[in-house]
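Protein chains in written order, with my numbering: chain A, 1 to 251; chain B, 1 to 299. Where a beta carbon is used, it is the ideal one built from N, C-alpha and C, also for glycine. All of these numbers come straight from a predicted model, not from anything done at the bench.
Written out as structure tokens, the structure reads:
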């Protein structure tokens with residue numbers, strides 16, 4: 001048995017957890033996306049953004065937002081819950097290195113993100129006329145990296161936060177502003193200064209940009225720059241996650 | 001071979017007020033493979049802190065720990081693979097069934113997928129939980145949850161089983177069941193370390209033991225040696241006819257006569273020779289573990 005096998009069991013457990021709670025973990029974000037699409041579809045149905053329809057533009061952004069939210073919240077909720085009910089002891093005692101624990105949780109977050117994106121796409125893509133995936137490989141790479149990146153961020157917050165109240169603060173003051181300044185609902189070039197510059201500095205913007213490029217071919221800045229930023233931030237998050245996990249999984 | 005070697009372990013904590021609390025002070029414990037070893041002490045003595053350091057979830061301030069020769073502080077993952085640990089506190093996964101909990105726990109300890117189903121059956125049979133296999137763990141009673149905690153630790157057939165207060169708050173029948181399981185695991189080759197403040201339990205199960213008080217080792221060794229050291233140094237006997245000439249030094253204690261001992265075997269023989277068929281019963285008045293414990297912790 002290799003170390004990956006031990007880690008795989010933890011990953012499988014966390015996937016099973018969100019599958020069991022599918023109404024909360026999968027159905028709820030899909031419902032939110034449908035509502036966003038309906039509202040933005042009605043308000044700006046006929047508008048165009050640089051050669052693509054506004055609904056296709058928003059749709060790609062919403063799928064990216066769903067990926068980010070799902071992969072972030074899955075490890076965060078699971079870890080905070082396990083700390084509150086005491087089952088974190090099972091992870092502390094298990095013969096799995098802290099960084100592998102983090103990756104198992106992050107991968108489970110990524111998997112939940114893929115579940116929600118795939119199901120949401122199957123249910124809603126019919127409402128976006130003429131949409132197709134322009135660069136499938138880029139889209140898949142963007143999905144994988146975004147899922148892992150925000151999965152790792154979720155692990156970090158899940159290990160640091162002591163309760164759900166603290167998590168609500170993080171969601172309100174960190175995640176929401178990042179999402180709203182990431183160009184999910186509009187091209188960031190249309191923003192006045194300094195919001196335009198702030199949006200470019202927002203790491204999440206690069207995830208949305210790369211996903212959108214992969215899906216509909218639209219891009220605010222070079223996809224290669226976005227890819228570089230995502231990889232760089234993922235490496236930084238991995239280092240932080242390893243340190244936080246090594247410390248937090250001890251008493 | 002040593003299953004566990006804890007050498008000169010110290011653990012200090014700093015409180016929010018900046019005071020230093022010593023949880024373990026120069027603790028050394030050596031456990032031979034194949035033994036059942038007891039770690040005894042009152043609440044707050046430092047037993048659970050020591051267990052946490054052995055199981056790799058707490059780092060000692062200084063000292064070393066090795067499990068079957070593997071340095072548990074630097075090669076933690078390798079050491080953890082050999083251990084099965086039953087924590088003191090009962091914790092239950094809310095979303096999963098008993099079967100699912102054991103399935104994933106087995107996986108996290110390297111039990112191959114093909115063997116896991118059978119192993120879950122075995123463990124649940126051993127702990128009388130077979131009929132609860134597909135029930136949600138949160139719906140189990142307190143005693144069943146305690147058994148599930150033990151089952152989780154047994155999934156990978158550990159070489160070294162650590163039980164932290166395993167019978168705390170359980171009924172008599174379950175306590176007997178856990179004792180039986182500990183003995184069976186030991187017969188099958190596992191080394192067992194358990195903490196308890198039930199001295200009767202230690203007397204029933206342990207080959208050797210360590211007494212901890214205020215974070216320090218105050219006594220350790222074989223139960224028989226400790227009892228001998230603290231024995232009341234008398235041969236106690238009863239007679240059919242009490243009004244006979246007695247050996248010098250014999251005095252009456254209730255229905256018994258006590259004879260002071262200098263060499264137990266010789267003095268017992270002297271009593272048997274002197275009273276012959278008049279002896280109704282004879283025993284060496286060994287000190288109970290409870291008395292030893294009270295004497296050790298008196299100061």
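query                                                                                                                       : result
Own chain residues within Cβ distance below 7 Å of residue 165 of chain B, not counting five before or after                : 88, 195 and 196
Residue 94 of chain B and residue 85 of chain A closer than 8 Å at C-beta                                                   : yes
Beta-carbon proximity of residue 161 of chain B to residue 148 of chain B, cut-off 8 Å                                      : no
8 Å Cβ cutoff, residue 20 of chain A in contact with chain B                                                                : yes
Validate contact between the stretch 56-71 of chain A and the stretch 32-42 of chain A using beta carbons, cut 8 Å, 3 pairs : yes
Under 8 Å (Cβ pairs) to chain B, residues found in the stretch 79-90 of chain A                                             : 81, 85, 86, 87, 89 and 90
CB contact flag (residue 185 of chain A, residue 68 of chain A, <8 Å)                                                       : no
CA nearest to the CA of residue 25 of chain A, picked from A/242, A/161 and A/120                                           : A/120
6 Å Cβ shell around residue 274 of chain B - same chain, five flanking residues per side excluded                           : 247
Positions along the stretch 43-75 of chain A whose CB lies within less than 8 Å of some CB in chain B                       : none
Element boundaries [alpha helix (DSSP H), containing residue 68 of chain A]                                                 : 54-85
Residue 221 of chain B in three-state terms, based on DSSP                                                                  : strand
Rounded straight-line distance, which links the Cα of residue 192 of chain A to that of residue 3 of chain A                : 51 Å
Residue 15 of chain B versus residue 22 of chain B - alpha carbon distance                                                  : 11 Å
Endpoints, the beta strand (DSSP E) within which residue 138 of chain B is located                                          : Careful: residue 138 of chain B lies outside any beta strand (DSSP E) and carries neither H nor E.
Where the beta strand (DSSP E) containing residue 13 of chain B begins and where it ends                                    : 2-14
Interface flag, residue 107 of chain B vs chain A, CB-CB below 8 Å                                                          : yes
Proximity to residue 215 of chain B [Cα-Cα], best of B/172, B/181 and B/50                                                  : B/50
Within chain B, the residues that residue 105 of chain A reaches when beta carbons sit closer than 7 Å                      : Those within 7 Å of residue 105 of chain A in chain B number zero; the least Cβ separation is about 13 Å.
Contact set between residue 57 of chain B and chain A, taken where Cβ atoms lie within less than 8 Å                        : 89, 92, 93, 249, 250 and 251
Residue 5 of chain A: contacting residues in chain B (beta-carbon distance under 7 Å)                                       : 110
Cβ-Cβ distance between residue 146 of chain A and residue 211 of chain A below 8 Å                                          : yes
Residue 23 of chain A versus A/194, A/112 and A/170, residue with shortest Cα-Cα distance                                   : A/112
Beta-bridge partners of residue 164 of chain B, as assigned by DSSP                                                         : B/195
Residue from A/73, A/6 and A/90 whose Cα sits closest to the Cα of residue 168 of chain A                                   : A/73
Rounded separation between residue 175 of chain A and residue 175 of chain B - CA only                                      : 50 Å
Rounded straight-line distance, which links the Cα of residue 12 of chain A to that of residue 27 of chain A                : 20 Å
Candidates A/100, A/181, A/162 and A/165: closest to residue 246 of chain A by CA position                                  : A/100
Separation of residue 218 of chain B from residue 12 of chain B, as counted between CA atoms                                : 18 Å
DSSP three-state assignment for residue 90 of chain A, whether helix, strand or coil                                        : helix
C-alpha gap between residue 277 of chain B and residue 262 of chain B, whole angstroms                                      : 24 Å
Nearest candidate by alpha-carbon position, reference residue 281 of chain B, set B/163, B/133, B/240 and B/178             : B/240
DSSP state of residue 203 of chain A mapped onto helix, strand, coil                                                        : helix
Cβ pair count under 8 Å reaching 3, the stretch 57-73 of chain B against the stretch 101-117 of chain B                     : no
Cross-chain neighbours of residue 104 of chain B in chain A, by beta carbon under 8 Å                                       : 9, 10, 12, 13 and 16
Reference residue 117 of chain A, options A/104, A/231 and A/140, closest by Cα                                             : A/140
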